[in-house]
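Per full-length UniProt numbering, the sequence shown runs over residues 1 to 145. Note that CB positions come from ideal geometry on N, CA and C, so glycine has one too. Working notes, beginning with the structure itself.
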Amino acid sequence: MLKKLYVVYLVVFFGISIGAIVIGSYGINDQQSHIYVLPDGYTGWVEIRYEQEGSPPLPREGEEYVNLIPRTGILNTSDSPTSGEMKFYYLDELGNRKKIELDMIRTQAMKRKYILTSNGTEEELSVNVFFVGTEQQWNEERSRN
Numbered sequence: 001m002l003k004k005l006y007v008v009y010l011v012v013f014f015g016i017s018i019g020a021i022v023i024g025s026y027g028i029n030d031q032q033s034h035i036y037v038l039p040d041g042y043t044g045w046v047e048i049r050y051e052q053e054g055s056p057p058l059p060r061e062g063e064e065y066v067n068l069i070p071r072t073g074i075l076n077t078s079d080s081p082t083s084g085e086m087k088f089y090y091l092d093e094l095g096n097r098k099k100i101e102l103d104m105i106r107t108q109a110m111k112r113k114y115i116l117t118s119n120g121t122e123e124e125l126s127v128n129v130f131f132v133g134t135e136q137q138w139n140e141e142r143s144r145n
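Right under this line is the structure:
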């Protein structure tokens, strides 16, 4: 009797384990990579506003979404937010990309933001925000807020 119970336990255990691996792999493979291209030398807050009516979709390089951040630091897109790998670059005046090291990227978060529209109503936005700068710049920014 115990041997039968043990066999059932092993079958259930391995079945659940295999199912978890398959589901987990599907979720990881379904993520979309994002390339963030910022103006050369940019420091400060970056905000990507998703699902913005009348805004263009993000361009792609192969399977990767390209977020071309303007000097204002705010990018509007009609695309929905997706999760995945993030790569950061500066773009110089000749069109060359220079990698931004991850120690320059601070407090990245996907969140909801409420803004007041021109007609006086509140609009809820899905946004991705992060700060680009040195530790000293980040500390100065935090002390202002």
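- In the structure shown, MET104 adopts helical secondary structure according to DSSP, grouped into three states.
- Comparing alpha carbon positions, the residue from GLU135, LEU68, ASP40, GLY62 closest to MET104 is GLU135.
- The DSSP assignment places complete beta strand (DSSP E) segments of no fewer than 3 residues inside the UniProt domain "DUF6843" (31-136) at 34-39, 44-50, 64-68, 74-76, 86-91, 97-99, 105-116, 122-132, in order along the chain.
- Assigned with DSSP and collapsed to three states, ASN145 falls in coil, not helix or strand.
- Distance check between VAL46 and each of ASN119, MET110, GLU123, THR121 places MET110 closest, using alpha-carbon atoms only.
- Residue LEU75 holds the alpha-carbon nearest to the alpha-carbon of PRO56 among LEU75, GLY44, ARG71, THR43.
- Distances from the CA of THR43 to each of ASN96, GLU101, ARG49, GLY62 were compared; the closest alpha carbon is that of GLU101.
- When the Cα atoms are used, LEU91 and PRO39 turn out to be separated by approximately 5 Å.
- Taking C-beta separations shorter than 8 Å and ignoring five residues to either side along the sequence, the partners of ARG97 in its chain run VAL37, TYR89, TYR90, LEU91, following chain order.
- The beta carbon of THR117 sits closer than 6 Å to the beta carbons of GLU123 from its chain, once the five residues preceding and following it are set aside; these are given in chain order.
- Closest in alpha carbon position to LEU68, among GLU53, GLY133, LYS87, is LYS87.
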